[in-house]
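The numbers in this note's numbering rise by one with no breaks, and the one at position 50 of the sequence shown is 50.
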Amino acid sequence: MKEEITLSWIDKMAFGTEVNGHKLIVDAKEEFGGENRGPRPKPLMLVALAGCTGMDVVSILKKMKVKLSGFNVRIEGSLTENHPRHYNKMHIIYTFEGKSLNPEKLQKAVELSQQQYCGVSFSYRKAMEISTEIIVVKSD
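See below:
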């Protein structure tokens, strides 16, 4: 199986593409010759990881019949100081909200995503350290 995208130069530092039928522009900040018409490329790596693992966890918890009233995934990416600046570490913070949530089930869902299902995590782990954290917020 192969996936591909084409990124086409628009002007200045802006490039456009279409991903799964959705148009996306990446651009640089004004100070680097862009017009800030879209996100920078590196933060999209964080989005890819959050989306991949978040979808896994929601799917796994649904199969476990865990009911959430809220859920978010935050990624903290650490960039190197020297060029080429790249992420050398990512920390994933899963925040679950709900009544009487079973911590073991939440942990199991995160582990399954990280160790078995999330292809983005699998790829990134070859290049950097990835750590996880779980926060549970009780709701009434």
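Where a beta carbon is used, it is the ideal one built from N, C-alpha and C, also for glycine.
Asked                                                                                                                                                   : Found
Where does the unbroken beta strand (DSSP E) through D11 begin, and where does it stop?                                                                 : 8-11
With a cut-off of 8 Å on the beta carbons, I'd call M55 and K105 a contact; round off their distance for me.                                            : Their Cβ separation, rounded to whole angstroms, is 17 Å, which puts M55 and K105 out of contact at 8 Å.
Give the range of the beta strand (DSSP E) segment to which V58 is assigned.                                                                            : Looking at the DSSP string, V58 is not in any beta strand (DSSP E); the run it does join, the alpha helix (DSSP H), is 41-63.
Between L68 and L79, which are expected to be in contact by the criterion C-beta below 8 Å, what is the C-beta distance as a whole number of angstroms? : About 31 Å; that fails the 8 Å criterion.
Hey, I93 and I130: beta-carbon distance below 9 Å or not?                                                                                               : no
So R74 is in the beta strand (DSSP E); what residue range does that whole segment cover?                                                                : 70-79
By DSSP, does S113 sit in helix, in strand, or in coil?                                                                                                 : helix
Should D11 go down as buried or exposed, given a rule of 16 or more other Cβ atoms within 10 Å for buried?                                              : exposed
For the candidate residues R125, N36, V57, whose alpha-carbon lies nearest to that of M90?                                                              : R125
Determine the contact status of V73 and T53, defining contact as a CB-CB distance below 9 Å.                                                            : yes
Quick one: grab the DSSP three-state call for K105.                                                                                                     : helix
Within its chain, find whatever has a CB closer than 6 Å to the CB of T17; leave out the 5 residues flanking it on each side and keep chain order.      : I5, L7, L24
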